[in-house]
Amino acid sequence: MKLDRLYEILFHNYGDLKWWPAETPFEVAVGAILTQNTNWNNVEKAIENLKKTDLLTPYGIYRSDENMLKKLIRSAGFYNQKCERLKILSEYIIKDLKGNIVNLKKYDLKQARERLLALKGIGKETADSILLYALDFKVFVVDTYTLNFFERLKIGKFSSYDECQNYVHECFSGDIKAYKNFHALIVEHCKNFCKKHPKCIDCFLNSKFCFWVEKFNVNVKFNR
DNA sequence: AGCCAGGCCTGCC
DNA sequence: GGCAGGCATGGC
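Residue numbers (this note's numbering): 183 to 406.
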């Protein structure tokens, strides 16, 4: 499988990143919405606020006063939209899933994904993050880092989210734990490199990463 | 001071 | 079906 070695390289560099950091599946879902185009540091503060006020449950958020909720999640930015999105998700969980998001597990992957995507404010990345990290569906999470990463390494230039995801599903043989870590590793790796030259491979392949690429002798095999 | 962060929706073409 | 613009805070 073409992507298995790439995963090994990243794993040797960064290890098990233990994503997603959360105590409950619902906390994963809330974090997935709050982190939309937002630094995780800002999200953590918001989640802490929700925990302190004992609102980090579907009922807690559904019944909470909007203005109070906005204040609690303010640090995560876009708080007007995100307030609405959290309310919509919570209402769906209460009314269709008996108050527990884990009940999405009674559907297969395709159906569960469609149900999440039908909610306003949940797009593909957010849905897949919830499916993978909260519900243990084996699905690869794509983001802007991933598309950029694959393009730089000449693994492929994908024109859409689904195209990239399908490629990984075909070319990566990892189990669910590996799927969880694979996305985390790509994010972690990309965060560490030069953003000012988005196409520059040299900005991407320094430090230990290069060492492992050579050790695994895969530098040419990145080309499909 | 200015750019960016683990996107998504809407309106236009 | 692609693309720009809007959404907002906090860290570097």
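All residues carry an ideal CB built from backbone N, CA and C; glycine is no exception.
{"Query": "Hey, quick one: how far does the alpha helix (DSSP H) through LEU279 stretch, first residue to last?", "Result": "Counting along the chain, LEU279 falls outside any alpha helix (DSSP H), and DSSP gives it neither H nor E."}
{"Query": "For my contact list, PHE322 and HIS365 are in at a C-beta cut-off of 8 Å; report their separation, rounded to the angstrom.", "Result": "7 Å"}
{"Query": "For the region 218-272, which segments carrying the alpha helix (DSSP H) assignment without a break, of at least 4 residues, lie completely within its bounds, in sequence order?", "Result": "222-234, 240-245, 248-254"}
{"Query": "Just reading off the alpha helix (DSSP H) that VAL284 is part of, what are its end residues?", "Result": "Here VAL284 belongs to no alpha helix (DSSP H), and DSSP marks it neither H nor E."}
{"Query": "Along the chain, where does the alpha helix (DSSP H) that runs through CYS353 open and close?", "Result": "343-353"}
{"Query": "Could you check which residue in CYS376, PHE354, LEU299 has the C-alpha nearest to that of ASP186?", "Result": "PHE354"}
{"Query": "If you compare alpha carbons, which of GLU307, TYR361, THR326, THR220 is closest to TYR261?", "Result": "THR220"}
{"Query": "For TYR189 and ASP247, what's the separation of their Cα atoms in angstroms?", "Result": "44 Å"}
{"Query": "For LEU199, which residues of its own chain have a beta-carbon under 7 Å away from its beta-carbon, when the five flanking residues on both sides are left out?", "Result": "ASN363, ALA366, LEU367, GLU370"}
{"Query": "Please confirm if the region 301-320 is in contact with the region 200-208, defined as three or more CB-CB distances below 8 Å between the two stretches.", "Result": "yes"}
{"Query": "Which one of LYS373, LEU271, TYR244, LYS233 has the shortest CA to CA distance from ALA214?", "Result": "LEU271"}
{"Query": "Out of curiosity, what's the CA-to-CA distance linking PHE193 and GLN263?", "Result": "36 Å"}
{"Query": "When you compare each of ARG334, ALA294, LYS269 to PHE375 by their alpha carbons, which one comes out closest?", "Result": "ARG334"}
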